[in-house]
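Asker: Sequential numbering from 69 applies to the sequence shown in my numbering.
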Amino acid sequence: MINVLADENMPYVAELFGDFSTITFKAGREIVADDLIDVDVLLVRSITKVNDALLEKANKLSFVGSATIGLDHIDGGALDARHITWTNAPGCNAIGVAQYVLSSLLILATRQSFDLKSKTVAIVGAGNIGKELSKIFNALSINHFYCDPPLKDAGAQGDYRDMSEVMNADIISLHVPMTKDGDYPTYHLFDETRLGQLNDNAILINSCRGDVVDNNALDTILSSGKQLTTVMDVWQHEPEINGSLLDKVDIGSSHIAGYSFEGKARGTYMLYQRWCEANGYVPDRLLTSLLPQANVSNVALSHPLKMDDIKQLVTLVYDVRDDDELVRQHGLTAKGFDNLRKQYKVRREFSAITVQATNETDANLLRNIGFNSVTI
69 MINVLADENM
79 PYVAELFGDF
89 STITFKAGRE
99 IVADDLIDVD
109 VLLVRSITKV
119 NDALLEKANK
129 LSFVGSATIG
139 LDHIDGGALD
149 ARHITWTNAP
159 GCNAIGVAQY
169 VLSSLLILAT
179 RQSFDLKSKT
189 VAIVGAGNIG
199 KELSKIFNAL
209 SINHFYCDPP
219 LKDAGAQGDY
229 RDMSEVMNAD
239 IISLHVPMTK
249 DGDYPTYHLF
259 DETRLGQLND
269 NAILINSCRG
279 DVVDNNALDT
289 ILSSGKQLTT
299 VMDVWQHEPE
309 INGSLLDKVD
319 IGSSHIAGYS
329 FEGKARGTYM
339 LYQRWCEANG
349 YVPDRLLTSL
359 LPQANVSNVA
369 LSHPLKMDDI
379 KQLVTLVYDV
389 RDDDELVRQH
399 GLTAKGFDNL
409 RKQYKVRREF
419 SAITVQATNE
429 TDANLLRNIG
439 FNSVTI
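#1: Please determine, among Ile444, Ser321, Leu384, Trp343, the residue with the shortest C-alpha to C-alpha distance to Pro372.
#2: Return the CA-CA distance between Val302 and Gly193, expressed in angstroms with no decimal places.
#3: Is there contact between the region 186-206 and the region 403-421, where contact requires at least three CB pairs shorter than 8 angstroms?
#4: Taking 8 angstroms as the cut-off, does the region 169-184 touch the region 148-158 (at least 3 CB pairs, one atom from each stretch)?
#5: Label Thr136 either buried or exposed according to how many other C-beta atoms from any shown protein chain fall within 10 Å of its C-beta, with 16 as the threshold for buried.
#6: Specify the secondary structure class of Gln424 as computed by DSSP and reduced to three states.
#7: Does the separation of the CB atoms of Leu358 and Glu330 fall below 8 angstroms?
#8: According to DSSP, is Ala194 helix, strand or coil?
#9: With a threshold of 16 other CB atoms inside 10 Å of the CB of Phe85, please say whether the residue is buried or exposed.
#10: Determine the burial state of Tyr255: buried for a count of at least 16 other Cβ atoms within 10 Å of its Cβ, exposed for fewer.
#11: Does DSSP put Gly320 in a helix, in a strand, or in coil?
#12: State buried or exposed for Thr178, treating a residue as buried only when at least 16 other CB atoms are found within 10 Å of its CB.
#13: Phe131 by DSSP, collapsed to three states: which one?
#14: In the DSSP assignment, what are the bridge partners of Thr298?
#15: Which residue from Lys410, Val388, Asn283, Val234 puts its Cα closest to that of Tyr168?
#16: If you measure between the beta carbons of Arg334 and Leu355, is that distance less than 8 angstroms?
#17: Just curious, the beta strand (DSSP E) that Val367 is in, first and last residue?
#18: Need the endpoints of the alpha helix (DSSP H) that Asp406 sits in, please.
#19: Less than 8 angstroms between the C-beta atoms of Arg416 and Ser328, yes or no?
#20: Can the beta-carbon of Lys117 be found less than 8 angstroms from the beta-carbon of Ala101?
#21: Distance check for Asn269 and Gln180, CA to CA, integer angstroms please.
#22: Got a sec? Which residues, its chain only, sit under 8 angstroms from Asn407 by beta carbon, not counting five neighbours each side?
#23: Report all residues from its chain with a CB closer than 7 angstroms to the CB of Ile105; omit the five preceding and five following residues, and keep chain order.
#24: Quick one: Cα of Gly138 to Cα of Pro158, how far?
#25: Which one of Thr383, Asp352, Gln265, Glu393 has the shortest CA to CA distance from Asp318?
#26: If contacts are defined as beta-carbon pairs under 8 angstroms, then Ile271 and His243 qualify, I think. What distance do you get, rounded to the angstrom?
#27: Does the Cβ-Cβ distance between Ile115 and Ala166 come in under 8 angstroms?
#28: Ignore the nearest five residues each way along the sequence and tell me which others in Ala285's own chain have a CB closer than 7 angstroms to its CB.
#29: In terms of residue numbering, what span does the alpha helix (DSSP H) encompassing Lys187 cover?
#30: For Ala207, which residues in the same chain have their Cβ closer than 7 angstroms to its Cβ, ignoring the five residues on either side in sequence?
#31: Does the separation of the CB atoms of Asn310 and Asn283 fall below 8 angstroms?
#32: Is the beta carbon of Arg409 less than 8 angstroms from the beta carbon of Ser322?
#33: Exposed or buried, Gly144, counting other C-beta atoms within 10 Å across all chains shown (16 or more means buried)?
#34: Short of 8 angstroms in beta carbon distance, which residues of its chain neighbour Val234, apart from the five on each side in sequence? Order them along the chain.
#35: Write down the C-beta distance between Phe131 and Asp103 rounded to the nearest angstrom, noting that I regard them as a contact closer than 8 angstroms.
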């Protein structure tokens, strides 16, 4: 038997690791060096900083897995120096984040009476999330392009444009890692200058890392009366966030854009697969066998698909307004913000619902958005 220490918010750890381990669960923000004494496997999320200080007493640790796409909380050099295998779960929450963005845009389109198909979207960051978002926009015939200088320089194929065109887009959706060094740092990518240059009535969405947008500068600019629509899922200095800024954003949430049930389960499962690979085990569990049926799992359309139907289907599965209300009520304290994440509802992805469409064209469109869909 091995000893596993896991973030208490990670699902299916017991189901996947329980047959061969003793598992201890703890709040990710409370994991300290003493907790790693005699621990073989550490499973974390982004709120646990895995660095020299945390690893100081790790006498048996051989594997660290983070059920996240980001790595800015993991000191790979410190782990390599100790010959500890480590990994993350790239793409595990990509579908959830893309669906969060779509839900937000559909709500804003209704509030502000605009047609999404008339807008141009800049997807800043063309990784797993950016590509999932592009699939949705392609399905809905929404004009969009990528901005990702590192990928463009590496020869990636697609419609890649520079920041000058991003600044003129109607909607800007941020999906970059947080970096301070290198040729293309993203720390304060949208600083006071860039925020001030955005077009009036532009929409800025940040669901990647809080430090990518200068929160104080954004608060100041919104206070000045600039007509900028903002969707903020991530914040600087989490879990203590800028309450003044929260008052001014159009949609806010508590760093849960990727918190779909499937996304969290997928993250744990990817770590399980990697641990098995590193230790010569053959995985004997399938992710699909773990997921329960959704409360509403079948919907039948009685007419050809309209944009209004898409909005209703999307919000049936996930309505971002619920999370906006919760963060305004409970997220202004560090404890409240963390509790919103710790006690987060079971939020399914679109694939949990099968939609019966009246024709194959509509069924195919719904499948490309992420729903299971068949024709009646």
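Positions of the beta carbon are idealized from the N, C-alpha and C atoms, including for glycine.
Answerer: Working from what's here:
#1: Ile444
#2: 16 angstroms
#3: no
#4: no
#5: buried
#6: strand
#7: no
#8: coil
#9: buried
#10: exposed
#11: strand
#12: exposed
#13: strand
#14: Leu272
#15: Val388
#16: yes
#17: 366-368
#18: 402-410
#19: yes
#20: no
#21: 10 angstroms
#22: His398
#23: Lys125, Asn127
#24: 8 angstroms
#25: Glu393
#26: Not confirmed; about 15 angstroms, so no contact.
#27: no
#28: Asp259, Glu260, Leu263
#29: Note, Lys187: premise wrong, no alpha helix (DSSP H); not H, not E.
#30: Leu433, Asn436, Ile437
#31: yes
#32: yes
#33: exposed
#34: Ala190, Val192, Cys215, Ile240
#35: So it is not a contact: roughly 15 angstroms between Cβ atoms.
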